[in-house]
Amino acid sequence: MRDDLRVVHAAWHEPSLQRFAADLATVPYLQLYDAFAADAVEVQERARLAAAADLERAAHAHLLEDPRADVPLLVNVGACDVHYQMSNPLRVVTSGVGQLAARPFYASGKWRMVDRIPWWDEYAPGPPVVFGHYWRWPDEATRAAHAANGPDPFGGAPPNAWLGPHRNAFCVDFSVGVRYVERRDRPTGPWTTRLAAVRWPEAQLVFDDGASTPLE
28 MRDDLRVVHA AWHEPSLQRF AADLATVPYL QLYDAFAADA VEVQERARLA
78 AAADLERAAH AHLLEDPRAD VPLLVNVGAC DVHYQMSNPL RVVTSGVGQL
128 AARPFYASGK WRMVDRIPWW DEYAPGPPVV FGHYWRWPDE ATRAAHAANG
178 PDPFGGAPPN AWLGPHRNAF CVDFSVGVRY VERRDRPTGP WTTRLAAVRW
228 PEAQLVFDDG ASTPLE
């Protein structure tokens with residue numbers, strides 16, 4: 028524990044943290060996660076939201092795995108996905124804050140109706156927070172080569188830039204998850220995706236190729 032730094036997998040979201048903090052001391056993580064997930068499914072079934080989403084999926088099933096298809100925004104599918112995400116506080120902190128997308132986008136083999144929003148734009152003054160999960164790109168060429176057609180939540184911020192209005196949030200995920208594609212295409216390199224770490228309290232960004240730069 029440190030007073031001068033926070034670390035979270037995807038989102039420092041105070042309402043979600045408060046919902047499970049007390050229970051996590053006595054209930055195993057997976058049991059608590061499953062309980063929130065089951066509650067979400069029950070709510071969706073009672074509200075007939077799940078049935079409406081199933082109808083939309085069935086009507087567009089022939090399009091949903093084709094990245095070149097002209098897929099409309101499936102509002103009920105999106106509402107179902109947003110509710111499932113945001114009603115489970117453990118999902119929020121481990122995979123981010125979501126909202127209905129303005130338009131669908133194709134990523135990781137399927138069409139998605141939910142955007143992960145930049146929660147750091149509302150992160151209050153306080154200890155800096157380091158997080159991952161959001162697939163920041165080390166440069167625009169790498170993003171153009173590998174990114175899906177979804178929105179860029181970082182708005183073109185430089186790789187070593189603090190985020191948010193108070194400059195106190197930093198994403199340390201530099202898309203090393205796509206390294207397998209680079210290794211397939213160029214077995215001996217060079218590779219442009221990066222494994223990164225933040226050295227603290229020096230506030231230094233360090234990459235797996237040995238390069239480092241101060242956070243600014």
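With the working numbering applied, the sequence shown covers 28 to 243. Glycine included, each C-beta is placed from N, C-alpha and C at the ideal position.
From the options, residue whose alpha carbon lies closest to that of residue i
i    : options                : result
H119 : L101, D142, G237, V98  : Contrary to the premise, residue 119 reads as Val rather than His in this sequence. It is D142.
W25  : P217, S239, A184, P94  : Outside the shown range of the chain (28 to 243) lies residue 25, about which nothing can therefore be said.
W146 : A129, P152, R163, V124 : V124
Y161 : G204, P154, R130, E69  : G204
A134 : R29, P178, L59         : P178
N195 : G216, A230, A223, L222 : A230
R206 : V199, C198, P217, F197 : P217
D166 : P185, A62, P154, H40   : P185
P37  : Y60, D31, G159, F234   : Per the sequence shown, residue 37 should be read as Ala rather than Pro. Among Y60, D31, G159, F234, the Cα nearest to that of A37 belongs to G159.
P180 : A172, H173, N187, C198 : C198
V233 : D200, Y150, R210       : D200
M113 : V34, E41, G237         : E41
Range of the contiguous alpha helix (DSSP H) that encloses residue i
i    : result
T240 : T240 -> not in any alpha helix (DSSP H); beta strand (DSSP E) instead, spanning 239-241.
D142 : From DSSP, D142 is part of no alpha helix (DSSP H) but of the beta strand (DSSP E) over 137-143.
A168 : 167-173
Cβ neighbour criterion (16 or more within 10 Å) applied to residue i
i    : result
E83  : buried
T53  : exposed
V156 : buried
R95  : exposed
R29  : exposed
V104 : buried
L101 : buried
A88  : exposed
Y56  : exposed
Where the beta strand (DSSP E) through residue i begins and ends
i    : result
G125 : 125-134
R33  : 33-35
V225 : 223-226
L232 : 231-234
A74  : First-last for A74: undefined, no H or E at that position.
F158 : 156-158
F47  : F47 -> not in any beta strand (DSSP E); alpha helix (DSSP H) instead, spanning 41-51.
Same chain, Cβ closer than 6 Å to residue i, neighbours up to 5 away in sequence not counted
i    : result
R170 : W164
T219 : T169
V98  : L90, P131, W138
S202 : W162, W164, T220
P245 : In the structure as shown, the chain starts at 28 and stops at 243, and residue 245 therefore has no counterpart that could be examined.
Contacting residues, own chain, Cβ-Cβ under 7 Å from residue i (five flanking each side not counted)
i   : result
D31 : P154, P228
Proximal residues to residue i (C-beta, below 8 Å), its chain only, five neighbours per side dropped
i    : result
D235 : V203, R221, L222, A223
Given 8 Å, three or more beta-carbon pairs between the stretch 135-154 and the stretch 92-110: Output reads yes: the stretch 92-110 touches the stretch 135-154.
Any 3 or more C-beta pairs closer than 8 Å across the stretch 146-157 and the stretch 185-197: Segments in contact, yes.
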